[in-house]
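Q:
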Amino acid sequence: MDEKIRSLKHQIGEELQKIESLVELEAIRIAHLGKKGTITDLLKGMKDLSNEERKEFGKKVNELKGSVAKAIEKKTTELKQKEIELEIAAMPQFDITTPVDLERGSYHPITLVQRQCETIFKSMGFTVEDYSEVVTDYECFEAVNIPKDHPARDMQDTYYLENGQLLKSQTSAAQNAILRKYGKNLIENGVPIKAIFPGRCFRNEATDATHENTFFQMEGVMVDKNINISNLIYFMKTMLSEVFQRDIKVRLRPGFFPFVEPGFELDINCLICGGDGCPSCNHSGWLELCPCGMIHPEVLKEGGIDPEEYTGFAFGLGLTRLAMMKYGIKDIRDLNSGSLKVLSQFTDDEE
Ligand code: FA5
Numbered sequence: 030m031d032e033k034i035r036s037l038k039h040q041i042g043e044e045l046q047k048i049e050s051l052v053e054l055e056a057i058r059i060a061h062l063g064k065k066g067t068i069t070d071l072l073k074g075m076k077d078l079s080n081e082e083r084k085e086f087g088k089k090v091n092e093l094k095g096s097v098a099k100a101i102e103k104k105t106t107e108l109k110q111k112e113i114e115l116e117i118a119a120m121p122q123f124d125i126t127t128p129v130d131l132e133r134g135s136y137h138p139i140t141l142v143q144r145q146c147e148t149i150f151k152s153m154g155f156t157v158e159d160y161s162e163v164v165t166d167y168e169c170f171e172a173v174n175i176p177k178d179h180p181a182r183d184m185q186d187t188y189y190l191e192n193g194q195l196l197k198s199q200t201s202a203a204q205n206a207i208l209r210k211y212g213k214n215l216i217e218n219g220v221p222i223k224a225i226f227p228g229r230c231f232r233n234e235a236t237d238a239t240h241e242n243t244f245f246q247m248e249g250v251m252v253d254k255n256i257n258i259s260n261l262i263y264f265m266k267t268m269l270s271e272v273f274q275r276d277i278k279v280r281l282r283p284g285f286f287p288f289v290e291p292g293f294e295l296d297i298n299c300l301i302c303g304g305d306g307c308p309s310c311n312h313s314g315w316l317e318l319c320p321c322g323m324i325h326p327e328v329l330k331e332g333g334i335d336p337e338e339y340t341g342f343a344f345g346l347g348l349t350r351l352a353m354m355k356y357g358i359k360d361i362r363d364l365n366s367g368s369l370k371v372l373s374q375f376t377d378d379e380e
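Going by our numbering, the sequence shown opens with residue 30, and the numbers climb by one from there.
1) What are the boundary residues of the beta strand (DSSP E) that includes residue 129?
2) So what's residue 159 in DSSP terms, helix, strand or just coil?
3) Helix, strand or coil for residue 177 per DSSP?
4) Any heavy atom of ligand 1 closer than 7 Å to the beta-carbon of residue 318?
5) Determine the closest residue to residue 311 out of 110, 178 and 359, with distance taken between C-alpha atoms.
6) Which one of 34, 53 and 255 has the shortest CA to CA distance from residue 335?
7) Which two residues bound the contiguous beta strand (DSSP E) that contains residue 290?
8) Check this for me: beta carbons of residue 172 and residue 287, under 8 Å apart or not?
9) Can the beta-carbon of residue 250 be found less than 8 Å from the beta-carbon of residue 149?
10) Examine ligand 1 and report whether any of its heavy atoms sits within less than 7 Å of the Cβ of residue 244.
11) For residue 353 and residue 214, I'd like the C-alpha separation in whole angstroms.
12) Can you give the Cα-Cα distance for residue 304 and residue 298, rounded to whole angstroms?
13) Would residue 174 be called buried (16 or more neighbouring beta carbons within 10 Å of its own) or exposed?
14) Check whether the Cβ atoms of residue 296 and residue 275 lie closer than 8 Å to each other.
15) Does the Cβ of residue 340 lie closer than 7 Å to at least one heavy atom of ligand 1?
16) Measuring alpha carbon to alpha carbon, tell me which of 351, 188, 365 and 107 ends up nearest residue 234.
17) Measure the CB-CB distance between residue 168 and residue 206 and report whether it falls below 8 Å.
18) If you draw a straight line from the C-alpha of residue 35 to the C-alpha of residue 122, how long is it?
19) Since I believe residue 195 is in contact with residue 166 (beta carbons under 8 Å), could you give me their beta-carbon distance rounded to a whole number of angstroms?
20) Check residue 302 in the structure and name its three-state DSSP category.
21) Please list the segments of the alpha helix (DSSP H) lying wholly inside the segment 331-370, counting only runs of 4 or more residues, in order along the chain.
22) With 16 as the cutoff for other CB atoms within 10 Å, does residue 263 come out buried or exposed?
23) Could you tell me the distance, in whole angstroms, from the CA atom of residue 43 to the CA atom of residue 102?
24) Quick one: does the C-beta of residue 361 sit closer than 7 Å to a heavy atom of ligand 1?
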C-alpha cells in the first residue's frame, strides 16, 4: 500500500511539471482529488486492512491529499502569473519618453492681465472681491450718487431686465456693498478699506476698435483717514509700472463722474502706434484707461462712512483695454471673438 502512495505521489508530481495551462491543472485536480479521483480510490482498498494498518494508511493518504492540494495551489499561482506576463507581452508597446505633440490650452489675455493686477494689488494689501453681473438700479446708480433722471445715466446705455434689474454697466456698482462690508472694521478697528473688484460690464454701445458691448473693468477703492490724491497716484503708477514692466507715458486730466470729487481721466499713451495716432486710439495717440478720483462724500455717507472723518479714492480700470495695450491687440473685438488663432498666442509672463 505504501508503494501505491509513493508511486501516485511521483506520478502526480510529474503530471504537474508537464502542464502549461490552468485548464490542464483543473483536470489534474479532478483526476486526483475529485470524488472519483485516484486518492479517494486509495481509501477504497482500506477495507482489507487491520484496524492498526487502516489508521496508519489513512494518515498517509491524508498527508498525500494535503501535499497534492498544496502543489496544485502553488502551480495555480505560477500559471496565473505566467498568464499575466503573456497578456502584458501581447499589449501594444509604447515608449513613455517619446515627446508628444498635444495642443495645450491657454488663458484668455483678459484673464492673464486680471490675474496679474490681482497679484499686484494683493501684494499691496488689497482684498479681491467678486460681484454679481446682475445688479439693481440702486447698486449701479443711486448708491454711487447717480439719482434717477440724473443726466449721467445717459453716459452708459444700460441693458435692463424685465424684472427691473440690470446688467452691471460699471464695476462701481459694487462700491456700496464693499464700503458696507468693510466699513465696520474701519470704524471700530481702524483697518483701512482696500479692495479691488474685477468684473464683466455690459453696455448697449456701438462697437469699434476700442469699444465692446461686453468688457471687463477692475474697480478699486481705498478708504482711511487722510487718504488723498497722492495716494491715488502712487497706486496707479505702481500698478502700471508692474503690469508693463517699463516706463509708459500716462496723463491725468480732469474727468466728471458723479461718484468722485475731484475726478480724473487717466489716459495711457497708445502702445500700438507709440502715440502717433491709429484706429486703436481713435487717432488721438491716447487711450482712456482708468478713470479715478476721490470718493464723493455722498457715496461714503451712503456706504455708512462719515465723510468728515474718512476720505478715500476709487478707480475703474478698463481691464479689456489694458489687455489690448499689454499684448498689442489692435482691435478690442478680437478679444471677444472666440478665435483660438488670436487668443492662443498669449501666455503668462511667469510661464
Ligand atoms: C466708469 O465706468 C466709471 N465707473 C469708472 C470710475 C470708477 C471712475 C471709480 C471714477 C471712480 P467709464 O465709463 O469711463 O467710467 O469706463 C471706465 C473704463 O472702462 C474706460 O476708461 C475704459 O477703459 C473702459 N470702458 C468703458 N467703456 C468701454 C467699452 N465699451 N469697451 C471697452 N472698455 C470700456
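We treat Cβ as the ideally placed atom computed from N, Cα and C, and that holds for glycine.
A: Let me spell this out:
1) Taken as a continuous stretch (DSSP letters only), residue 129 belongs to no beta strand (DSSP E), as it is neither H nor E.
2) coil
3) coil
4) yes
5) 359
6) 255
7) 289-298
8) no
9) no
10) yes
11) 37 Å
12) 6 Å
13) buried
14) no
15) no
16) 188
17) yes
18) 48 Å
19) 6 Å
20) Three-state result, residue 302: coil.
21) 348-356
22) exposed
23) 16 Å
24) Annotation for residue 361 indicates a beta carbon within 7 Å of some heavy atom of ligand 1.
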